[in-house]
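As structure tokens, the structure follows; a few thoughts come after it.
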Amino acid sequence: ASIMGIYDPDYNRHSLGFFTMLMEIDFCMQRGMEFFYPGYVVPGYSRFDYKLRIGRAEDIEYFDLRTQGWQPYSGLAPSDVPLKKMENRLDDMQQFLIRNNFWSQKLYYPLFEANLFGFWHAPYFDFPVFLLCSPRINANSFLMAVYDPRKEAFQLLRCSLFDDLQFYFNEAYTDSFDRRKNFLDLVVVEEVLASSPRPGEILQAF
């Protein structure tokens, strides 16, 4: 990927990614191709925004998980970005748990894309942020609360550690994360204990 090359922020308008993207477009045009896919962008993470420089702004769309349809990218509110929505709803859930005398800890899970790279066909946990609702020390099984923006519902999951010998992480990558805020063990979902848009119904499954 171009992002792995040498990068200097002072030359971002002439980035390697943008230059190679133009070369790819030229390659497609010379062969009479009608469409070109430049790859994804990440709202709130500007490093991929160079892809938005091609085409017309009014033609750029995003896929809305709630409606399962394409919407104008210009109309995407920051609060509707899936990660932001998950964070906000989990904050609400955490406050609800506190009021009901239940402990939880919000953690980020950098390995949420394990299902794209794992050797085994396993039910890998695939949420980038969650509430840990059970003790972390010397445990192999955990209660995790998540918010699924596709279903607009909370879920309480029973999860366990998964030792995938075919799954290799770059230690420099995992070591770059603060373990106080990130969960860095590979996890699979064992059981969905509850699913509901209402925190009270999730609480009943504890």
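Reminder that position 50 of the sequence shown reads as 60 in our numbering, one-by-one numbering, no gaps. Note that CB positions come from ideal geometry on N, CA and C, so glycine has one too. The model shown is predicted, which means the values in this text are computed figures rather than measured ones.
One alpha carbon belongs to Asp136, the other to Phe58, and they sit about 22 angstroms apart. Rounded to the nearest angstrom, the gap between the Cα atoms of Asn148 and Phe164 is 26 angstroms. Annotation: the continuous beta strand (DSSP E) that includes Leu153 extends over Ser151 to Asp158.
For Asp74, there is no enclosing alpha helix (DSSP H); the enclosing beta strand (DSSP E) covers residues Glu71 to Asp74.
Cys169 sits in a strand when the DSSP states are folded into three classes. Counting only runs of 4 or more residues that sit fully inside the segment 93-151, the alpha helix (DSSP H) segments are 124-127, in chain order. DSSP assignment within the segment 20-45 yields the following whole alpha helix (DSSP H) runs of 4 residues or more, N-terminal first: 26-40. Using a Cβ distance threshold of 9 angstroms, Cys169 and Val139 do not count as a contacting pair.
About 10 angstroms separates the beta carbon of Met96 from that of Leu141, a gap too long to meet the 8 angstroms contact definition. The shortest C-alpha to C-alpha distance from Val156 to any of Phe187, Lys191, Ser205 and Leu171 is the one to Ser205. In the structure shown, Phe216 falls within a coil segment according to DSSP collapsed to helix, strand and coil.
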